[in-house]
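Undergrad: This structure is in C-alpha cells; I'll ask about it shortly.
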Ligand code: AFP
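Residue numbers (my numbering): 52 to 528.
Laid out in C-alpha cells, this is it:
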C-alpha cells in the first residue's frame, strides 16, 4: 500500500533514528520500489545494526506492499465509494492535443508542435533521472567519453556533474531530433558556445543531402536543462527552462546553420517559452505567445494533462521570494523595497509572506500561482545578479507577461533587453581575414551567457519595486 501511494511522490525519503544510534535516510527506488540507505550521518553505536534497520524497514514496506487491505489504500480501493469519488480521473486535454490545435491555429509556430512534444518527453526523462539521482548514483563529476578524464569545469565555472551532462544531452536531442527539424541550432547553459543541430545529431554538413534537413529549421532554442541542481541532494524541487526564437532573416549562416546573431535577440522576439518543474507533481508550463497553460504529468499514464488552462497571476500578491541572506549586499532600491515591506508587514494589502526554495523554476511557479514577487537582484559580488538573460530570465519573463504579470530588471522590461552583440558580424570562424581579433568564446560568453537582475511577478508588486529603483536608483542604469 505504502509503495503505491508513494509512487505519486517523486522522491521519497524515510529518515530514521534508532536508539540515538545515528540518523539514516532511505530512498525509495522508482525502478525497483525497494528502499536503499543513502545517507548514514553518524556511525551507529547501539546494539541494532544498519543491516537490521534496513531489513526491518524493508519488511515493513514489503508487508504493506502486499497488503490488500483496500480501506487503507485509496488507489487500490474499488469498494470504497468515497475513495472512488475522490480519485476519479478528470477528463483533461492532453498536451499532444493542445499542441496540435494551438500550433495549427498560430501560423508563426505551426511547425513547432512535434518539437514541443519531444521536449515534453525529455522533461519526463529528466523527471525520472532526478528521481533516480541518489539510488542510481548519478552524482559525481562526469567523465569525458572521449578522453576518459574527469569533465572540465563548464562555462559557469562549475565541474559538470553526470546529472548535468545527462539532462543536457536529453534536451539537445529533444530540440534537434524532433521529427519536423524545426530547430536549426541550440544554446545551453551547460555549453560555452551554441551548436548547430547538424553537429548535435552528428551529421556531416558537407553532404548536401543530409545537411539540408538540419540547416533549414526556422527556429533556434535556448535552455537550462537542470536549473537548481544543487537542490537534488536534499530532495527539493528543480526545473528545466527553455525558449524558442525564430531565426532572424537576412543574417549569414555557416554551412551547418549556425549563427551567433540568431541567439542574440530581444526576448520580445521569442515565439515560445516554457519550464518543467520536478516537484510534488511534475508540471510543464508553456506559452506560445497567446496565454499560459499548465500541464501536470499523470504518473500512471506518463501523459501531460492540461490541468491549468489560461493561467493568470493575481494582479497583486503577498508572497516575496528573495535570497534575503544576501540583502546587505543588494543595491539601495532593493534594500529599501524589502525594508518597507517588512516594516509595514504587508504587501498587496495582505500580510506579507516569504518563500525561497533556491530553484528559479520552483520559486517563480509559486509566485505565478499565488501572486507576489520573485527577485534575484544585483549584489556586491554579482553586479548583474546571477540569472542568465537568455535561458532563465527572458523565458520566465515571457511566461509572466503572458499570464498577466511582469518581468523587470528594476530599470526596465526584461524582454526589451538586447544581449550584447558581437563586435564583428563574422559569426563563427574568427581570426582568418578581416577580423583578427574576433574571439568567438568571448563574444558568446558576453552574449549567450549574459546575466541580468531579475524581478518577476504580479504587476502591482513589480511596479512598486520599479518605483523604488526610480526613486533611489542610479540614473545611469
Ligand atoms: P544552480 O543551477 O547552480 O543550482 O543555480 C540555480 C539558480 O541559478 C536559480 O535556479 C536559483 O534561483 C538561484 O540559482 C539560487 O541562487 P542562490 O543560492 O544564490 O540564492
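For each residue, glycine too, the CB sits at the ideal point set by N, CA and C. Here the structure is a predicted model, which means the values were calculated and not measured.
Does the beta-carbon of residue 278, which I'm using as the reference point, lie nearer than 7 Å to any heavy atom of the ligand AFP?
TA: Correct: residue 278 has its Cβ closer than 7 Å to the ligand AFP.
Undergrad: Using only alpha-carbon positions, find the residue among 464, 267, 174, 506 that is nearest to residue 532.
TA: Nothing in the structure corresponds to residue 532, since the chain is present only between 52 and 528.
Undergrad: Based on Cα-Cα distance, which residue from 174, 320, 468 lies nearest to residue 498?
TA: Selected option, being the one with the closest Cα: 468.
Undergrad: Identify every residue that forms a DSSP beta bridge with residue 357.
TA: Residue 357 is bridged to 346.
Undergrad: On a CA-only basis, which of 366, 453, 355 is nearest residue 424? Give me that one, please.
TA: For residue 424, the nearest C-alpha among the options comes from 366.
Undergrad: Hey, out of 235, 364, 329, whose CA is closest to residue 280's CA?
TA: That would be 329, whose Cα lies nearest to the Cα of residue 280.
Undergrad: Quick check on DSSP: helix, strand or coil for residue 336?
TA: Residue 336: strand per DSSP, three-state reduction.
Undergrad: Between the Cα of residue 470 and those of 461, 451, 435, spot the shortest distance and give me the residue it belongs to.
TA: Here the closest residue by C-alpha is 435.
Undergrad: Assuming residue 461 contacts residue 520 (C-beta within less than 8 Å), just tell me the rounded distance between them.
TA: That belief holds up - the Cβ atoms of residue 461 and residue 520 are roughly 4 Å apart, short of 8 Å.
Undergrad: May I ask you to list the residues that DSSP assigns as paired with residue 465?
TA: Answer is none; residue 465 lacks a bridge partner.
Undergrad: Do the region 401 to 408 and the region 345 to 352 touch if we need at least three Cβ pairs shorter than 8 Å?
TA: Touching, no, given that fewer than three Cβ pairs across the two stretches are closer than 8 Å.
Undergrad: With a threshold of 7 Å (Cβ to nearest heavy atom), would residue 14 be considered close to the ligand AFP?
TA: The structure shown does not extend to residue 14, since the chain is modelled only from 52 through 528, so no value can be given for it.
Undergrad: Under 6 Å Cβ to Cβ from residue 119, same chain only, skipping five residues before and after it: list those, please.
TA: Residue confidence is low: residue 119 scores 33 on pLDDT, short of 50, so the model does not pin down where it sits. Its coordinate-derived value is still stated next. Counting only Cβ-Cβ distances below 6 Å, and skipping sequence neighbours, we find nothing.
Undergrad: Put residue 272 into one of helix, strand or coil per three-state DSSP.
TA: If DSSP states are grouped into helix, strand and coil, residue 272 belongs with the strands.
Undergrad: For residue 370, which beta-bridge partners are listed by DSSP?
TA: Residue 370 pairs with 404, 423.
Undergrad: My output table needs one value for residue 183: the three-state DSSP class, helix, strand or coil.
TA: In this structure, residue 183 counts as helix in the three-state DSSP scheme.
Undergrad: From 523, 290, 525, 451, pick the residue whose C-alpha is nearest to that of residue 511; which is it?
TA: If we check each option's Cα against that of residue 511, 451 comes out closest.
Undergrad: Where does residue 351 fall in DSSP's three states?
TA: Reduced to three states, the DSSP call for residue 351 is coil.
Undergrad: Count the other C-beta atoms from every protein chain shown that fall within 10 angstroms of the C-beta of residue 517, then say buried if there are 16 or more, exposed otherwise.
TA: Its Cβ being crowded by 16 or more others within 10 Å, residue 517 is buried.
Undergrad: Please classify residue 290: does DSSP put it in a helix, a strand, or coil?
TA: It is a strand residue.
Undergrad: Report yes or no: do the region 281 to 300 and the region 222 to 236 share at least 3 C-beta pairs separated by less than 8 Å?
TA: Contact holds: three or more Cβ-Cβ distances are below 8 Å.
Undergrad: Answer yes or no: do residue 473 and residue 496 have a C-beta to C-beta separation smaller than 8 Å?
TA: The answer is no: Cβ separation not under 8 Å.
Undergrad: For residue 26, which residues of its own chain have a beta-carbon under 7 Å away from its beta-carbon, when the five flanking residues on both sides are left out?
TA: This structure leaves residue 26 out entirely; the chain is present only between 52 and 528.
Undergrad: What distance in whole Å lies between the Cβ atoms of residue 271 and residue 313, which are believed to be in contact at a cut-off of 8 Å?
TA: Sure, about 5 Å apart at Cβ, within 8 Å.
Undergrad: Compute the minimum distance between the beta carbon of residue 457 and the heavy atoms of the ligand AFP, and state whether it is under 7 Å.
TA: No - the ligand AFP has no heavy atom lying nearer than 7 Å to the Cβ of residue 457.
Undergrad: Heavy atom of the ligand AFP less than 7 Å from the Cβ of residue 189, yes or no?
TA: Residue 189: no, Cβ never under 7 Å from the ligand AFP.
Undergrad: In whole angstroms, give me the CA-to-CA distance for residue 311 and residue 168.
TA: The alpha-carbon atoms of residue 311 and residue 168 are separated by roughly 26 Å.
Undergrad: Once the 5 residues before and after residue 234 are set aside, which same chain residues still bring their CB inside 8 Å of it?
TA: Cβ within range, chain order: 166, 226, 227, 248, 268, 270, 271, 272, 295.
Undergrad: Under 8 Å, do residue 446 and residue 321 count as touching if we go by C-beta distance?
TA: Taking 8 Å as the Cβ cut-off, residue 446 and residue 321 qualify as a contacting pair.
Undergrad: Tell me whether residue 374 counts as near the ligand AFP, meaning its Cβ is closer than 7 Å to at least one heavy atom of that ligand.
TA: Residue 374: yes, Cβ under 7 Å from the ligand AFP.
Undergrad: Hey, quick one: how far does the alpha helix (DSSP H) through residue 449 stretch, first residue to last?
TA: Residue 449 -> alpha helix (DSSP H) spans 445 to 453.
Undergrad: Using a Cβ-based criterion (distance less than 7 Å to any ligand heavy atom), does residue 409 qualify as near the ligand AFP?
TA: Correct: residue 409 has its Cβ closer than 7 Å to the ligand AFP.
Undergrad: Could you give the first and the last residue of the continuous beta strand (DSSP E) run that contains residue 326?
TA: Counting along the chain, the beta strand (DSSP E) containing residue 326 begins and ends at 321 to 329.
Undergrad: Report all residues from its chain with a CB closer than 8 Å to the CB of residue 502; omit the five preceding and five following residues, and keep chain order.
TA: Counting only Cβ-Cβ distances below 8 Å, and skipping sequence neighbours, we find 433, 435, 436, 437, 438, 439, 440.
Undergrad: State the CB to CB distance for the pair residue 342 and residue 453, rounded to an integer number of angstroms; the pair is presumed to be in contact (CB under 8 Å).
TA: Residue 342 to residue 453, Cβ: 6 Å. Contact.
Undergrad: Going by DSSP, which residues form a beta bridge with residue 237?
TA: Residue 237 is bridged to 246, 272.
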